[in-house]
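A quick write-up on the structure given underneath.
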Amino acid sequence: RAAAAAAAAAAGDAVPPRANRLEKWQERLKMPVFVLLWYFFNVQYNIENKRLLAVFPLTWAVAWIQLFAGCPMVVLMWAFGFVQFPVITKADIWTLVPVAAFFAVAQVCTVASLCSMAVSFTHVVKALEPAATAFATAVILKEVFHPAVYLSLIPVFAGVAMASASEVSFALFGFTTAMLSNFALSARNVLATKFGSVGDMGADKVERMTNQLSILTLIATVLLLPLAIALPGGILDCPSAWRAALDHNVHVAELVYRMVASGFHFYMYQLASFWALSQASPMTFSVLNTLKRIVIIIASVVVLRNPLSMGTAVGAVVAVGGGFLYSVAKRRFPSSVPTN
């Protein structure tokens, strides 16, 4: 009887095969769903951000406003229990300060680049992010990859160079800030992975990454505030920029919408990207980020009607093709060798 009772209990505790299959499908669908959300919100952000900067060209103010826009959403997620409230110490916060600093630098540089160049060309330059990630991985994680992985980046460099030579909106300042954004974002992503276990951020990877982004958003907003107040093109210039926009027949409701929409889409695309990062290595994430560029380039040409020369178009295709080649090389030579 005891044996029969134990068998019955074991049978009761067993997970039905259908439930197992459902869980497996849910796990498989996470990555493509997260990537689709990431792409969608990123395209929306770039379009709304460019429209905002066209009438409100304050780099520091816009960068800070978009970071700050995520703070109320963070509070609401915690207040309504969408994710658990993180338990972190002062030491944990200090550990995440460098990650948040790179986050803030990347945001300012991206806004500065988009303010001075066409969206399409900014993202051609940002196709170089896998190279920046390879560098950040070697420096921060002390990992190097097979030479073939690095050689596969050559088409990316060639494509960006080709596009730069024929781009009508090329500006050295915009190119430089886009490259700085590449290095800052790569450092943020690598460090975010490295410090993914800091504090009690949640029960699973997605919840942990959601809370990590929430904390980083709050810290980055605080870190950027003094600069956004003190520097030209910052918060103190907002009243004059607001009046100038109204003088150019931009309605108040439209200006407010552009600010709110760009901030909302900025946080949501960052959130979806962190969800994707929770399911992928920094290198795979960087490749997905590169492939995303072609979607943004096409969307910007269609929606914003950016002029796109043949050289820029060919260069963009070559650069994105290099991203695919990089992905194949990384899969073919997956092992990494710790540096001394």
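Numbers in the numbering used here are just positions in the sequence shown, counted from 1, shifted up by 14.
Every residue, glycine too, gets a C-beta built ideally from N, C-alpha and C.
Helix, strand or coil at residue 288 according to DSSP, with G and I counted as helix
helix
Given a threshold of 16 other Cβ atoms within 10 Å of its Cβ, counted over all protein chains shown, does residue 222 qualify as buried or as exposed?
Residue 222 is buried by the Cβ-count criterion.
Which of helix, strand or coil does DSSP assign to residue 101?
Strand at residue 101.
Within the chosen definition, does the segment 205-214 reach the segment 54-73 through at least 3 CB pairs nearer than 8 Å?
no
Taking the beta strand (DSSP E) that residue 158 belongs to, which residues open and close that run?
157-159
Between the segment 258-267 and the segment 41-52, can you find at least three pairs of beta-carbon atoms closer than 8 Å?
no
Runs of 4 residues minimum, wholly inside the segment 61-134: which ones carry the alpha helix (DSSP H) assignment?
73-93 and 104-130
To the nearest angstrom, report how far apart residue 149 and residue 162 are at their CA atoms.
15 Å
Rounded to a whole number of angstroms, what is the C-alpha to C-alpha distance between residue 193 and residue 140?
Computed Cα separation, rounded: 7 Å.
If I'm right that residue 228 touches residue 146 with Cβ under 8 Å, what's the distance once you round it to whole angstroms?
That pair is no contact at about 25 Å.
Could you check where the alpha helix (DSSP H) with residue 261 kicks off and where it finishes?
252-261
From which residue to which residue does the alpha helix (DSSP H) around residue 10 run?
The structure shown does not extend to residue 10, since the chain spans only 15 to 354, so no value can be given for it.
First through last residue of the alpha helix (DSSP H) which encompasses residue 347:
Counting along the chain, residue 347 falls outside any alpha helix (DSSP H), and DSSP gives it neither H nor E.
Leaving aside the five residues before and after residue 109 along the sequence, list all residues of the same chain whose C-beta is less than 7 Å from its C-beta, in chain order.
209 and 212
Should residue 165 be labelled buried (16 or more other beta-carbon atoms within 10 Å of its own) or exposed?
By the 10 Å Cβ count, residue 165 comes out exposed.
Can you tell me the Cβ-Cβ gap for residue 273 and residue 79, rounded? I've got them flagged as a contact below 8 Å.
6 Å
Can you say whether residue 131 is buried or exposed, counting buried as having 16 or more other CB atoms within 10 angstroms of its CB?
buried
At the level of alpha carbons, what is the spacing between residue 292 and residue 207?
8 Å
What's the gap between the Cα of residue 242 and the Cα of residue 67?
Between residue 242 and residue 67, the C-alpha separation is close to 16 Å.
Given 8 Å, three or more beta-carbon pairs between the segment 53-63 and the segment 273-282
Contact between the segment 53-63 and the segment 273-282 is present, because at least three Cβ pairs lie under 8 Å.
For the alpha helix (DSSP H) holding residue 294, just list the boundary residues, first then last.
Taken as a continuous stretch (DSSP letters only), residue 294 belongs to no alpha helix (DSSP H), as it is neither H nor E.
Just to confirm before moving on: does the CB-CB distance between residue 124 and residue 77 stay below 9 Å?
yes
Determine the burial state of residue 303: buried for a count of at least 16 other Cβ atoms within 10 Å of its Cβ, exposed for fewer.
buried
Of the listed residues 327, 195, 153 and 225, nearest to residue 95 (C-alpha basis)
The shortest CA-to-CA distance from residue 95 to any of 327, 195, 153 and 225 is the one to 225.
To the nearest angstrom, report how far apart residue 231 and residue 307 are at their CA atoms.
23 Å
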